[in-house]
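First up is the structure itself, then whatever we jot down about it.
Number of protein chains: 4
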Amino acid sequence: MEKLDFFRTDLLDESEEMVRHRTASEKNRLKEEDGISFGESRLGRVVVTSVVVDAEGEKRIGKKKGSYITLTVPALTPGDTEGIDDLARVLIDKLEEMVAAIPTVKDGKILFIGLGNRDVTPDAVGPLTVDRLQSIVPEYYEEDGGEVFVYAPGVTIQTGLETADFVQALTDKIKPDLLIVIDALAARSSSRLCRTIQLTDTGIHPGSGVGNNRKEVSKEALGVPVIAIGIPTVVDGPVLIADAIDSMFGYIASKISEKDSPSSRLSVTPWLHSENKDADRSTLLPIFGDWASWPHEDRVQLFEEVLANHELRTFISPKEIDSWVSIYADTLSDSLSSWVANLKK
Amino acid sequence: MEKLDFFRTDLLDESEEMVRHRTASEKNRLKEEDGISFGESRLGRVVVTSVVVDAEGEKRIGKKKGSYITLTVPALTPGDTEGIDDLARVLIDKLEEMVAAIPTVKDGKILFIGLGNRDVTPDAVGPLTVDRLQSIVPEYYEEDGGEVFVYAPGVTIQTGLETADFVQALTDKIKPDLLIVIDALAARSSSRLCRTIQLTDTGIHPGSGVGNNRKEVSKEALGVPVIAIGIPTVVDGPVLIADAIDSMFGYIASKISEKDSPSSRLSVTPWLHSENKDADRSTLLPIFGDWASWPHEDRVQLFEEVLANHELRTFISPKEIDSWVSIYADTLSDSLSSWVANLKK
Amino acid sequence: MEKLDFFRTDLLDESEEMVRHRTASEKNRLKEEDGISFGESRLGRVVVTSVVVDAEGEKRIGKKKGSYITLTVPALTPGDTEGIDDLARVLIDKLEEMVAAIPTVKDGKILFIGLGNRDVTPDAVGPLTVDRLQSIVPEYYEEDGGEVFVYAPGVTIQTGLETADFVQALTDKIKPDLLIVIDALAARSSSRLCRTIQLTDTGIHPGSGVGNNRKEVSKEALGVPVIAIGIPTVVDGPVLIADAIDSMFGYIASKISEKDSPSSRLSVTPWLHSENKDADRSTLLPIFGDWASWPHEDRVQLFEEVLANHELRTFISPKEIDSWVSIYADTLSDSLSSWVANLKK
Amino acid sequence: MEKLDFFRTDLLDESEEMVRHRTASEKNRLKEEDGISFGESRLGRVVVTSVVVDAEGEKRIGKKKGSYITLTVPALTPGDTEGIDDLARVLIDKLEEMVAAIPTVKDGKILFIGLGNRDVTPDAVGPLTVDRLQSIVPEYYEEDGGEVFVYAPGVTIQTGLETADFVQALTDKIKPDLLIVIDALAARSSSRLCRTIQLTDTGIHPGSGVGNNRKEVSKEALGVPVIAIGIPTVVDGPVLIADAIDSMFGYIASKISEKDSPSSRLSVTPWLHSENKDADRSTLLPIFGDWASWPHEDRVQLFEEVLANHELRTFISPKEIDSWVSIYADTLSDSLSSWVANLKK
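Protein chains in written order, with the working numbering: chain A, 1 to 345; chain B, 1 to 345; chain C, 1 to 345; chain D, 1 to 345.
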């Protein structure tokens, strides 16, 4: 048996292309030249990143054309119910905007699919969300055909069938007007973990490469509109390590630059996260050598090479993952229930 | 929303037809005249009832043509692991006989479906069995298509889709050589509860009536062979009550007849289950009136009428139902795993 | 290993004494003569039965002195959230009245114990309620000693220790000002099942007999006030059967008396529950014999004798028991959380 | 509410003292001079480390006197059932040696306590193990007092009571001849995670410091012998990061030294874990600076400082933690069941 991929997607706005064009001017240039438009705004505490890729852009960066919306509440914690509610509210607003383009949904059928393995905590956010959505099914059920359908198909190693094939079988049978997929994602940055929701109308395309749409869960593959809601619940080991090293470099560089500034003599909270992103990193060379000046991504790749087949070459979740997964399942199922009730009233 | 039927099938050998022809001579006559053959044997502690219905019989008794095999260990208890193992062993023998008629299964695909609602204990035996069967899936998985598939689709009020439609969607996609369905049944006799396994190649046909095969899970409806394994885990309230009254009549009649026999004077265990099935029931008339001479089924129907819309008009499970369901899920998944391993080696 | 008792208590107002003095005048007489006072009232949909037994009454009826309050919403169903909320509201009112007598509780310690076996659905209401109460523990926790403690000790066959000994060990350690015990009960009437909450300040005394307080969970045994909240989730098989027979007798007697009344000729709903409690039961004799005139309890005892060691000699729960248990666990934990918050604010 | 410590203990043979005396000669010297004896052996695939601390040693290194036995199968994976069985077998051998010193256990009482929070996957190994041990309780139960008791008390934020107080309450009541505690640990090395079992007769002493035995679960605090079985299921974020950096340094140093050796020209597997622990690390200085020559522990401490209050300052579990926890719960409960059966036969 071939090794099966555990997690399936990525946050688009963390893709290499996006990361390499992080300054505003560059991003604007991207837009005009490359078929990619990029927007960033803030709604309350929620940072909203919106990327629209057109056919031109798809060719350039190898990400499917469509909208990618990323909602983040920085420094969110599991106990911060207000922050989580904000996140959910913006999610529903953005979902409504996307669905406005598909008028048949109001009186039509919606199929919710929760992807992932319910026995692996960080992968369970999809299945647990749809478990809780089951309670609304009877309201929209009619003897001659309902309007809301929910399934958590499990993963291939549990069922024997590829997830995309399962979804296709059900889609062919139900012929929904909209398919909403909820899934756990892998983040490329540890600060995003469990603090972000990604919403996209491009579906889920595991193998990544555009063109190979055989195993996609997408409008192209299935013939029905697909909206994917993703929660990054794991981060790659090498990424986490490179992030930590970056934090450390920033911290040490700040401390070195502070030492020379008059204010440092008065400082009473040297341990506080006083990280100064603009501190001169050249001061790090004597201690940390040349690699302190490498780009972040190069250190990630170094660790990916070193840790291949190593126990640290693993996906890592925060310690509170059990709480996070249950919070997101509750919040998403509540929000989606209200959204359906509102849409169909 | 229309009321959904909770439990879906019945034990065939409890059907009215069978019950009314219980004596051997009558059953033999049934066979020749009516297109129904009936056999009863004993393998160790397991009582095996086998009913074969042909096209002629199907017309007569309204049960689909095919084989119905019922395995019972009388007085089985949850702690009697030996009895349960016997039951499972005979089940696999009979399953092998049925599958011998479908040679493509050996190198072909088997789809296991566990029907029922995992949140309702007596209905959970199907879902829990296939949960435990998931562990064998990777062994039979190949990148280009596996040989074993397992699903527990839930029930319509959870998912929005009729179970039969779900099974059809998956069958169309997977094109299995054999579909095995595991399900909880309702018994018509409280002594059968959790002590019986029914095996049939006729599938599951909820609405009962032959002809209306729209919502069947059967070879006719799906185009692939279907074998159904059913465990009676509930009994209808009126049936349970009528059974108890019958036990009481038998017990009292026995005591009355004993009173007049010389041995009764020596009896030291009057409380023991000395029920004498042939005791003269006419002695009951003064105490219990005319209805003591009614056929059992008439008392069942009386209670069905009286208790309609009453809290006692309910399905009733034994107190140890949590244990029973877990025992059957363990035993069936173990037995089916071994059977698959043996078949495919 | 001796057989362990599964369920531990009974509803007091179903005890033989109470049942035999059901008419108002008799109950009033009971009060004055026997050390028992009895009250019945209605708060909205909730029928409140209150029995107070004093030392005199304890000697007479063998039930511990103290208050027994029984709250029932007749014909409650799992979907009737309004009825369940009414029940919970009255429960909290009555609890507040009881606790008003123990002023140290406000600033003192409360220990909640959920009794029962979480692996047996009808017995799980206690453990599941305290599981959900765990969420309030941190609010009342202080490094040097908290004010709210919750435990679900399991049952003796799981842990090896008698429940009463467990509770005593914890009580000796924590020294709570109040112990609240939540438990599943057995009802003596199928119409009470899952529709009733019993509240008592006499604790739980499994072996029943007053005097043998060795294994009691009571103020006498533990030295701290004990309030027990009980939910009847099972009914004895013989009771259920006798109840059904009674319903049937009432139904048939009503039909016979209707047949002779002019109104019956106009009746269009003969199947409706037109049961007339005062219909003349002597009309039943030809059909059902002498036993139709027996008192209800005698028929219960007949079935208890007949069904001893029989599979029907079992505790029986309603089909919706999984829903009921989850509803009561949710409702009780919510109500008790609010009560604690209110008490301690 | 004060922050509660999540995980409670450490592997002794990873303590600073042990780490700083890793060479054989140093360890031998430790023994004679310091009241610590150290042994390392191999039983099949299991590496057995045994540390005995006496009163003298306790004063020196601040770890309680007693035996600490650490069993490790290097590179163990969840699918390696043989390796896990080896680990369990050696565990039972070592447990038998420890218990041989307490002859009253054979006919006496054993209390098993599973510590930890069952709702947090890596902390659930204790509770899940004792859940599975419940099945042996009835065998050793007698009306007048059993011989096996099992409890999973939960954690203080769930129950309100300190775990040590709970254990003391039960110990005072049951008066066991032996208390066996099963718990999750934090490892100081990522290679140990889920591959190690620690067995000690010194109990569990959360606050660490010897002397403050108020909240210990130990013979001194409770008056009964205590054996603790610990499984490291989490590693501290800074440790994991420092481990990864160490691996990287070793890997790069090996590659640099290879480059200059004739064999490297023939090398066909440069990616293989050819890490050469003795490779000259001074070659790393130009790239990685001075810190590459720091001791490992200093880098750990650097990250602990930098990541304080950071999301990476967290306990980290391997991705397969759900599988690991279930494997250890199964294996430990099976092994302990057999051990009890053998001891008491």
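Ideal Cβ positions, reconstructed from N, Cα and C, are used throughout, including at glycine.
query, result
"Alpha-carbon to alpha-carbon, Gly83(A) and Thr202(A)", "27 Å"
"Cα-Cα separation between Trp339(A) and Ile204(A), rounded to whole angstroms", "22 Å"
"Integer Cβ distance of Ile69(D) from Val48(D), believed to fall under 8 Å", "7 Å"
"C-beta neighbour in chain C for Lys344(D), strict 9 Å", "no"
"Segment contact flag, the stretch 221 to 232 of chain B with the stretch 175 to 193 of chain B, C-beta cutoff 8 Å, min 3 pairs", "yes"
"Assigned secondary structure, Ala329(D) (DSSP; H/G/I helix, E/B strand, else coil)", "helix"
"Minimum C-alpha distance to Ala169(B) - residue among Phe149(B), Leu222(B) and Asp131(B)", "Leu222(B)"
"DSSP three-state assignment for Pro153(C), whether helix, strand or coil", "coil"
"Contact belief for Ala152(A) with Val130(A) at Cβ below 8 Å, rounded distance in angstroms", "5 Å"
"7 Å CB neighbourhood of His296(B) in its chain, flanking five on each side removed", "Ala242 and Asp246"
"Pairwise C-alpha distance: Val148(A) and Gly66(A)", "25 Å"
"Per DSSP, the bridge partner or partners of Pro122(D)", "In DSSP, Pro122(D) forms no bridge with anything."
"Separation of Ser135(D) from Ile327(B), as counted between CA atoms", "14 Å"
"DSSP-derived helix/strand/coil call for Ala221(C)", "helix"
"Enclosing beta strand (DSSP E) for Glu40(A) [first to last residue]", "Ile36 to Leu43"
"Alpha carbon of Lys344(B) to alpha carbon of Ile227(B), nearest angstrom", "18 Å"
"Between the CA atoms of Ile316(D) and Val90(D) - distance to the nearest angstrom", "27 Å"
"Spatial distance of Ser335(D) from Glu139(D) (CA atoms)", "16 Å"
"Proximity test, Cβ basis, 9 Å: Ile241(A) and chain D", "yes"
"Every unbroken alpha helix (DSSP H) within the stretch 142 to 199 of chain B, with a cutoff of 4 residues, ordered by chain", "156 to 159 and 163 to 174"
"Simplified DSSP assignment, three categories, for Asp322(D)", "helix"
"Environment of Arg132(B) [buried if 16+ CB atoms lie within 10 Å]", "buried"
"Leu4(D) versus Thr163(D): straight-line alpha-carbon distance, rounded", "Residue placement at Leu4(D) cannot be trusted, given a pLDDT of 32 that sits under 50; what the coordinates show is reported in the next sentence. Approximately 12 Å between the Cα atoms of the pair."
"9 Å Cβ cutoff met for Phe166(C) and Lys173(D)", "yes"
"Short CB-CB distance (under 9 Å) between Gly126(C) and chain D", "no"
"C-beta atoms of Thr196(B) and Thr72(B) nearer than 9 Å", "yes"
"C-beta atoms of Ala292(A) and Gly289(D) nearer than 9 Å", "yes"
"Cβ-based contacts, 8 Å cut-off: residues of the stretch 276 to 300 of chain D near chain A", "Leu284, Leu285, Pro286, Ile287, Phe288, Gly289, Asp290, Trp291 and Ala292"
"Residue nearest to Arg118(C) in terms of C-alpha spacing, selected from Asp330(C), Val325(C), Thr331(C) and Leu332(C)", "Val325(C)"
"First through last residue of the alpha helix (DSSP H) which encompasses Val306(C)", "His296 to Val306"
"Nonlocal neighbours in the same chain, by C-beta distance under 6 Å from Leu240(A), ignoring five residues either side", "Ser190 and Ile316"
"Phe166(D) at chain A interface by Cβ criterion, 9 Å", "no"
"Residues bridged to Gly114(D) (per DSSP)", "Ile182(D)"
"Closest Cα partner of Lys106(B) within the set Ser282(B), Asp177(B), Asp330(B) and Ala75(B)", "Asp177(B)"
"Residues in the stretch 157 to 185 of chain B having any Cβ partner in chain A nearer than 8 Å", "Ile157, Gln158, Thr159, Gly160, Leu161, Asp165, Phe166, Gln168, Ala169, Leu170, Asp172, Lys173 and Ile174"
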